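Chemist: So the sequences go chain by chain: Z and P. Each residue of the first sequence is one higher than the one before, counting from 0 in numbering that gives the first Met the number 0. Each residue of the second sequence is one higher than the one before, counting from 0 in numbering that gives the first Met the number 0. In this text, a Cβ means the ideal position worked out from N, Cα and C, and glycines have one as well. Just so we're clear, the structure is a prediction, and the values are computed from it rather than from any experiment. Below: one structure in structure tokens.
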Amino acid sequence: MSWTTADPMVSLKDVHKSFGELKVLNGVSLDVMKGDVICIIGPSGSGKSTLIRCINALNDIQQGSILVEGQEVNDPKVDKLELRKKVGMVFQQYNLFPHKTALQNVMMAPVRVLKQDKVKVEEVARALIKKVRLEGKENAYPGELSGGQQQRVAIARSLAMQPDVILFDEVTAALDPETVGEVLQTIKDLAEDGMTCILVTHEMAFAREVADHIYFTDRGVIVEHGPPETFFQNAQDPRTKEFLSQIL
Amino acid sequence: MEMVYEWFRTLYQETGINLPFLYDEYDRNRMIDGLFTTIKLSLVCLFFSIIIGVIGAWLQGSSFKWTRRFVSVYIQLFRNTPPLVQLYFFYFAIGTLLPRVENDWGGQSPIFGSFAWAAISLSFFAGAFNVEIFRSGIEAVPKSTVEAAEALGFSKLQIYRDITLPLAFRVVLPALNNNLVNLVKTTTLAYAIAVPEMLYEANQIWSDNVNVTEMMVFLLLAYFVLVGILVSGMNRWERAMKIPGYG
Ligand SMILES: Nc1ncnc2c1ncn2[C@@H]1O[C@H](COP(=O)(O)OP(=O)(O)OP(=O)(O)O)[C@@H](O)[C@H]1O
Ligand SMILES: [Mg+2]
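This is the structure in structure tokens:
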């Protein structure tokens with residue numbers, strides 16, 4: 000049985016995850032179709048980061064199933080390289096390689112991991128840097144860039160691997176309010192290009208605008224979910240209502 | 000050059016300050032050989048001790064308990080024993096246990112000569128410290144940076160080579176600098192197994208000329224200059240490795 004675009008690109012079924020005694024995910028299920036943009040929201044410590052880190056096997060799970068394009072991730076024999084070629088990730092703290100320039104940061108994985116030709120990779124990398132609106136910053140080191148610029152390099156770095164889906168973990172949470180917009184715009188561009196995106200975010204206005212579907216998590220379960228219009232207007236669960244009233 | 004040589008000969012005749020390796024060709028060649036042996040031994044040991052440090056630090060991050068134990072026993076053994084004893088151990092204990100090979104004159108000679116044993120012994124000695132130095136640098140690399148590389152599909156070895164090590168290196172350069180200076184100074188121990196390095200050759204010269212004082216002054220200055228060159232080279236390297244806007 001091979002995966003087709005009619006099947007979910009990412010499919011979580013009854014995922015359980017604990018760190019020792021601490022249960023963080025208690026049976027999470029969700030499906031993401033190709034081209035979908037989904038936002039995961041919820042209070043701090045509810046397991047949002049853990050949830051998306053399980054999708055690219057940065058965290059392992061104890062129970063349940065995670066399928067990425069039909070491939071089971073919860074399998075000790077999973078080919079992590081194959082998985083991570085498909086699933087990109089952008090972090091809250093950018094996590095650029097500080098000893099490499101912006102251009103080198105973008106080029107490194109295709110050259111080292113995919114063993115692609117350096118000249119071609121450079122061409123692609125320069126185009127990506129342009130796409131995230133950082134032309135002229137190719138030779139700057141991360142330490143010479145603002146937070147928002149670093150985050151856009153990180154997005155370009157992830158794109159250079161040509162992933163099928165990108166995970167975004169609160170990518171604007173560490174930014175100054177002025178620079179949040181530029182990063183959100185970059186993600187919006189991606190979404191419009193049809194990139195499948197799974198975002199953890201606290202930016203409700205942004206979520207409402209770009210998301211096809213919103214998931215609200217609390218204490219390791221999905222409490223409520225739905226398309227943005229219904230989700231924001233007709234939240235049913237008291238926990239969702241309380242969270243939304245605090246944040247909006 | 001001849002004028003300089005003559006000047007030192009006259010200096011000896013007039014004042015009794017005897018620096019035969021400056022006017023006497025035979026002694027001069029001995030001293031030059033000694034200097035080059037010291038430099039060669041230093042470079043060989045610098046190189047291999049860094050290799051040992053890099054590999055040892057990698058093995059210490061292994062998921063196999065016994066690999067990690069093996070490395071820490073190695074470190075303890077070489078850090079907690081005198082380097083001279085280590086040198087004797089390699090040369091006299093291990094050296095005599097190894098099989099002999101036939102030499103060019105049909106006789107039997109050891110596989111490794113005294114220079115090779117000094118190089119091996121001192122590399123392991125300095126290497127033990129280098130493992131710990133690199134390890135501390137690796138621990139200073141943020142876990143999140145490593146995770147970003149993992150998420151991009153880098154293998155463990157690629158992460159070590161391309162991310163962790165280059166970043167760790169910059170953190171530990173001052174400590175590494177210190178250890179390598181120590182290493183160069185410790186090469187004088189090779190004297191004890193008759194490696195013809197600077198101290199050994201100086202000793203030959205003072206035995207022949209009875210000019211211990213002059214030779215000691217010269218040795219002190221020679222090492223001062225030699226280590227000075229190493230230090231300034233390392234400092235230059237440190238500056239060249241500096242990342243704009245980082246650390
Ligand atoms: N590596 C870890 N080891 C042990 N506990 C962990 C680890 N990572 C996360 N946790 C715990 O798991 C729980 C969920 O953490 P997680 O980071 O997923 O929350 P979050 O929803 O992303 O929160 P935030 O909005 O603050 O980022 C927390 O209680 C956290 O302390
Ligand atoms: Mg989080």
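Apart from the five residues on each side of it in sequence, which residues of its chain come closer than 8 Å, Cβ to Cβ, to Lys184 (chain P)?
Modeler: Counting from one through the second sequence, the residue named residue 184 (chain P) turns up at place 185. The answer, listed in chain order, is Tyr222, Val226.
Chemist: Under a CB-based cut-off of 9 Å, is Phe96 (chain Z) close to chain P?
Modeler: As a first step, residue 96 (chain Z) is located in the first sequence; it is residue number 97 there, counting from the start. It does: the Cβ of Phe96 (chain Z) has a partner Cβ on chain P nearer than 9 Å.
Chemist: Taking the C-alpha atoms as reference points, what is the distance between Lys99 (chain Z) and Val110 (chain Z)?
Modeler: Looking up residue 99 (chain Z) in the first sequence gives position 100. Looking up residue 110 (chain Z) in the first sequence gives position 111. Their Cα atoms are separated by approximately 14 Å.
Chemist: Determine which residues of the segment 140-161 of chain P have a Cβ less than 7 Å from any Cβ of chain Z, and write them out in chain order.
Modeler: Correct list: Ser143, Thr144, Glu146, Ala147, Glu149, Ala150, Leu151, Gly152, Phe153, Gln157, Asp161.
Chemist: Taking only the alpha-carbon atoms, compute the straight-line gap between Val43 (chain P) and Ala118 (chain P) and give it to the nearest angstrom.
Modeler: As a first step, residue 43 (chain P) is located in the second sequence; it is residue number 44 there, counting from the start. As a first step, residue 118 (chain P) is located in the second sequence; it is residue number 119 there, counting from the start. Rounded to whole angstroms, Val43 (chain P) to Ala118 (chain P) spans 7 Å at the Cα level.
Chemist: For the segment 66-97 of chain Z, which residues have a beta carbon sitting closer than 7 Å to at least one beta carbon of chain P?
Modeler: Answer in chain order: Leu80, Arg83, Lys84, Met88, Phe90, Gln92, Asn94, Phe96, Pro97.
Chemist: Can you round the beta-carbon distance between Val77 (chain Z) and Val9 (chain Z) to whole angstroms, since I take them to be within the 8 Å contact cut?
Modeler: On the first sequence, residue 77 (chain Z) is found 78 positions in, with the first residue counted as 1. On the first sequence, residue 9 (chain Z) is found 10 positions in, with the first residue counted as 1. With a Cβ gap of about 14 Å, Val77 (chain Z) and Val9 (chain Z) do not count as contacting.
Chemist: Mind the definition here: the segment 34-47 of chain Z touches the segment 205-217 of chain Z only if three or more C-beta pairs lie below 8 Å; say whether that holds.
Modeler: Short answer: they touch.
Chemist: Check the Cβ of Pro243 (chain P) against every Cβ in chain Z and list those closer than 7 Å, keeping chain order.
Modeler: Here residue 243 (chain P) refers to the residue found at position 244 when the second sequence is read from its first residue. Tyr140, Gly142, Glu143, listed in chain order.
Chemist: Which ranges would you report for the alpha helix (DSSP H) in the segment 151-239 of chain P if only whole runs of at least 4 residues count?
Modeler: DSSP runs (the alpha helix (DSSP H)) wholly in the segment 151-239 of chain P: 155-158, 164-185, 197-208, 211-239.
Chemist: Is it the case that the CB of Phe128 (chain P) approaches a heavy atom of ligand 1 more closely than 8 Å?
Modeler: For the purposes of this step, residue 128 (chain P) is taken as the residue at position 129 of the second sequence. Flag unset: Cβ of Phe128 (chain P) not near ligand 1.
Chemist: List the residues of chain P whose Cβ lies closer than 9 Å to the Cβ of Leu57 (chain Z), in chain order.
Modeler: Residue mapping note: residue 57 (chain Z) aligns to position 58 of the first sequence, counting from 1. By Cβ distance, chain P contributes Glu146, Glu149, Ala150.
Chemist: Taking only beta-carbon positions, decide if Arg169 (chain P) is within less than 9 Å of chain Z.
Modeler: Here residue 169 (chain P) refers to the residue found at position 170 when the second sequence is read from its first residue. It does; some Cβ of chain Z falls within 9 Å.
Chemist: With a threshold of 16 other CB atoms inside 10 Å of the CB of Arg83 (chain Z), please say whether the residue is buried or exposed.
Modeler: Within the first sequence, the letter at position 84 stands for residue 83 (chain Z). Looking at its Cβ environment, which holds 16 or more other Cβ atoms inside 10 Å, Arg83 (chain Z) is buried.
Chemist: What whole-angstrom Cβ distance do Leu174 (chain Z) and Gln148 (chain Z) have, given they're in contact under 8 Å?
Modeler: One-based indexing of the first sequence puts residue 174 (chain Z) at position 175. One-based indexing of the first sequence puts residue 148 (chain Z) at position 149. At roughly 10 Å, the Cβ-Cβ gap does not stay under 8 Å, so Leu174 (chain Z) and Gln148 (chain Z) are not in contact.
Chemist: Is DSSP giving Arg27 (chain P) helix, strand or coil here?
Modeler: Start at 1 with the first residue of the second sequence, and residue 27 (chain P) comes out as number 28. Residue state, collapsed to three classes: helix.
Chemist: Going by DSSP in three states, Ile74 (chain P) sits in which element: helix, strand or coil?
Modeler: Counting from one through the second sequence, the residue named residue 74 (chain P) turns up at place 75. Of the three classes helix, strand and coil, the one that applies to Ile74 (chain P) here is helix, per DSSP.
Chemist: Leaving aside the five residues before and after Ile154 (chain Z) along the sequence, list all residues of the same chain whose C-beta is less than 7 Å from its C-beta, in chain order.
Modeler: The count along the first sequence starts at 1 and reaches residue 154 (chain Z) at position 155. Closer than 7 Å at Cβ, skipping near neighbours: Val89, Val131, Thr185.
Chemist: Any idea what DSSP makes of Glu223 (chain Z), helix, strand or coil?
Modeler: Counting from 1 along the first sequence, the entry for residue 223 (chain Z) is found at position 224. Of the three classes helix, strand and coil, the one that applies to Glu223 (chain Z) here is strand, per DSSP.
Chemist: Could you run through the segment 156-173 of chain Z and flag, in chain order, every residue whose CB is less than 8 Å away from some CB of chain P?
Modeler: Those residues of the segment 156-173 of chain Z that come within reach of chain P (Cβ to Cβ, closer than 8 Å) are Arg156, Ser157, Met160.
Chemist: Flag Leu218 (chain P) as yes if its beta-carbon sits less than 9 Å from any beta-carbon of chain Z, otherwise no.
Modeler: Here the question's residue 218 (chain P) lines up with position 219 in the second sequence. No - not a single Cβ of chain Z is within 9 Å of the one on Leu218 (chain P).
Chemist: Please confirm whether Leu172 (chain P) has its beta-carbon closer than 9 Å to some beta-carbon of chain Z.
Modeler: Position 173 of the second sequence, counted from the start, is the residue given in the question as residue 172 (chain P). Not one chain Z Cβ lies under 9 Å of Leu172 (chain P).
Chemist: For Ala108 (chain Z), which residues in chain P fall below 9 Å Cβ to Cβ?
Modeler: Stepping through the first sequence from its first residue, residue 108 (chain Z) is reached at position 109. Here the neighbours are Ala148, Leu151, Gly152, Phe153.
Chemist: What residue from P:Ser48, P:Arg235, P:Val53, P:Leu219 has the CA that sits closest to Leu34 (chain P)'s CA?
Modeler: By one-based count along the second sequence, residue 34 (chain P) stands at place 35. Taking only the C-alpha atoms, the option nearest Leu34 (chain P) is P:Leu219.
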